[in-house]
Structures are given as structure tokens and as C-alpha cells.
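> Before we start, here is the structure in question, set down as C-alpha cells.
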Amino acid sequence: GGGTSDRWRSLVDPLDRDRFVEGRDCRGVVHRLLGDPVRPSLVSTGAPPARGVWRPQSVWAVGAAKALSYERGETVATATVEYPTHGVVRRVRITGERRAAYRETVRTVRTLDEPPPRTADRQKCEACEYAADCGVRSRTLRSLLGRG
4 GGGTSDRWRS
14 LVDPLDRDRF
24 VEGRDCRGVV
34 HRLLGDPVRP
44 SLVSTGAPPA
54 RGVWRPQSVW
64 AVGAAKALSY
74 ERGETVATAT
84 VEYPTHGVVR
94 RVRITGERRA
104 AYRETVRTVR
114 TLDEPPPRTA
124 DRQKCEACEY
134 AADCGVRSRT
144 LRSLLGRG
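In this note's numbering, the protein residues as written are 4 to 151.
See below:
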């Protein structure tokens, strides 16, 4: 089914929730497993871009689709990324360009000998209302890929 009501129904009544999937290159939890055709749906925090999905969510969606495809032995051609705080749901086609970005990320991750070192730069936290309580210290994969 392709109508809006069919898509909504698949979101509110998915085939499965919080499903662990494992492929050749990655594994993780798919927030919802949608059907007709089978595809992963991932819930993302933050605001969506004006069109499509952010690159990290695109890579994440491809990884989830590839892992699901590996498990099921069938092609998974799309995924869904949900931005629930904004009421936005975006379909992600698993294109050659997106698969290439996923492979680049997998190659970069494989070069790591250990988790990336923590950063002491707290500038990004200054605007956050939770900064005093959070305590998170991070080095993003984005920075390792040279994009931030």
C-alpha cells in the first residue's frame, strides 16, 4: 500500500519494535520494522532538514536496511527516518550514492584502533540547557570523517 493512511497504519502498528538486526558490516536496533514492503524505521532526535534527511541519518538508514536485507535474504530498497518532535516522517531510498557514503563510514570506523579520544572543547555545550547536568564528552564520527 502506498496511501497516506497505509503509511500511517504501518507506523502505529509496525511488524516489530526495537528489533535487533545484524548484517555483515553492522548491527544495531531498528526502532520499528515496517511492512509492505519490509523496511526499517529509525527515530531521530532534533529537527529535520528542509528536504530529505541529514547525512548521518542517511548512513544510519542504509546500515539498518543492509543489515535487515542480510538477515532476510532479500533486498530492502527503502528505510524511514522519523523526527517525532516535529511530526515529520521521511522515506529514504537506498541509492548508490547513499550506499557509497555508508561504505566510506564503515571504512573509516574500521581504521579506528579504539574509541576516539574525548574532546575538551565545551563550546558546543554552552547553548544547551542541560549542560550543567549532562557530563557527556564526545568526539563525533563526523569529525573523524573530516566533516566537522
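Ideal placement from N, C-alpha and C gives every residue a C-beta, glycine not left out.
For A103, name the three-state secondary structure that DSSP assigns.
Looking up residue 103 in the sequence shown gives position 100. Residue state, collapsed to three classes: helix.
> If contact is defined by three or more beta carbon pairs under 8 angstroms, each pair taking one atom from either stretch, is the region 35-49 in contact with the region 105-120?
Counting Cβ pairs under 8 angstroms, fewer than three are found: no touch.
> Whole beta strand (DSSP E) runs in the region 52-94 with 3 or more residues, listed along the chain?
Listed in chain order, the complete beta strand (DSSP E) runs (minimum 3 residues) inside the region 52-94 are 81-86.
> Look at the alpha carbon of D39 and the alpha carbon of C128, and state the distance between them as a whole number of angstroms.
As a position in the sequence shown, residue 39 is number 36, starting the count at 1. As a position in the sequence shown, residue 128 is number 125, starting the count at 1. So the two alpha carbons sit approximately 42 angstroms from each other.
> Put S47 into one of helix, strand or coil per three-state DSSP.
Position 44 of the sequence shown, counting from 1, holds the residue named residue 47. Of the three classes helix, strand and coil, the one that applies to S47 here is coil, per DSSP.
> Please name the residue in R22, R102, R113 and D16 whose C-alpha comes closest to that of A64.
Start at 1 with the first residue of the sequence shown, and residue 64 comes out as number 61. It is R102 whose Cα lies nearest to the Cα of A64.
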